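Novice: Take any residue in the sequence shown, count from 1 to its spot, add 3: that is its number in my numbering. Just so it is clear, CB atoms sit at the ideal spot from N, CA and C, and this is done for glycine as well. Bear in mind that the values here come from a model prediction, so they are computed numbers and not experimental data.
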Amino acid sequence: MKSGFVNEPPPVGADKAELRVWAKRQLETGIPRYQADATVEGLAEWFNRPGLPEGMVVIFFPLPDEIDLTSLIDRLGRDLAVTRTPRHGPLTLHPADGPMERHRFGYQQPRANAPLVDPSTVAAVLTPGLAFGLRGERLGRGAGYYDRFFTKIPAQALRVGVTVSPLVVDELPTDPYDVPMTHLATEEGVLQVGKDAPFRP
4 MKSGFVNEPP PVGADKAELR VWAKRQLETG IPRYQADATV EGLAEWFNRP
54 GLPEGMVVIF FPLPDEIDLT SLIDRLGRDL AVTRTPRHGP LTLHPADGPM
104 ERHRFGYQQP RANAPLVDPS TVAAVLTPGL AFGLRGERLG RGAGYYDRFF
154 TKIPAQALRV GVTVSPLVVD ELPTDPYDVP MTHLATEEGV LQVGKDAPFR
204 P
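1. Please determine, among R28, A117 and V182, the residue with the shortest C-alpha to C-alpha distance to K155.
2. Indicate whether A41 and L170 have their beta-carbon atoms separated by less than 8 Å.
3. Which term fits Y180, buried or exposed, when burial requires 16 or more other beta carbons within 10 angstroms of its beta carbon?
4. Classify V43 as helix, strand or coil using the three-state DSSP reduction.
5. Give every residue of the same chain whose Cβ lies closer than 8 Å to the Cβ of L46, excluding the five residues on either side of it in the sequence, and list them in chain order.
6. Enumerated in chain order, which unbroken segments of the beta strand (DSSP E) with a length of 3 residues or greater are wholly contained in the region 104-140?
7. Below 8 Å on the Cβ atoms is my guess for T86 versus F63; work out the distance and round it to an integer in Å.
8. Pop quiz: A160 and V125 are said to be a contact at Cβ under 8 Å. What is the actual Cβ separation, rounded to whole angstroms?
9. Quick one: using the 10 Å Cβ neighbour count with 16 as the cut-off for buried, is L94 buried or exposed?
10. Please classify L66: does DSSP put it in a helix, a strand, or coil?
11. When the distance is taken between beta carbons, is A134 closer than 8 Å to V172?
12. Do A115 and L96 have their CB atoms nearer than 8 Å?
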């Protein structure tokens with residue numbers, strides 16, 4: 004099956020701005036359906052395993068070049084929340100089954116008057132990104148919304164980057180305020196990453 008990706012390696016020594024251009028070029032034709040579906044299926048199986056922490060799971064409603072996680076709402080058997088991106092200020096957290104509206108960028112998000120969810124109840128955050136590194140680095144879109152949000156949830160909460168394998172690289176540049184992922188979810192499964200990950204030869 005054709006992947007749809009440009010399939011070019013990231014530029015050596017590139018900074019974040021250059022890597023965003025590279026990642027967006029990979030995504031110009033969209034994420035192939037079979038890869039997106041496999042990623043979602045892997046997440047559903049992973050979250051239904053015993054041993055994962057109990058608590059709220061945060062999902063996101065996608066931009067056109069992101070994986071659609073809405074099918075997980077009826078599959079995880081957990082309380083789910085979704086983020087709202089305001090014009091000004093930090094991300095807020097709301098029930099995933101609450102009233103929605105369309106964001107100016109085209110995706111669904113909770114209405115401004117939707118009930119709030121306490122970030123201290125969060126056990127895991129499914130996190131979008133343009134690209135990810137195997138040390139847990141995340142390349143976002145540059146606004147810093149998720150990095151600030153991560154400071155409000157419990158330190159032990161899982162931070163799961165959701166992507167496909169062509170957008171996972173060995174390493175990415177980071178800044179002091181960047182909060183790393185604990186796991187990456189791709190069509191190949193869910194992988195623990197970062198300093199606490201098992202050794203991989």
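Specialist: For this structure:
1. V182
2. Taking 8 Å as the cut-off, the Cβ atoms of A41 and L170 do not count as close.
3. exposed
4. helix
5. Sequence-distant Cβ neighbours of L46 in its own chain, meaning closer than 8 Å and more than five residues away, are L72, L75, L129, V163, V165, A188 and V193.
6. 111-113, 125-130 and 134-136
7. 6 Å
8. 5 Å
9. buried
10. coil
11. yes
12. no
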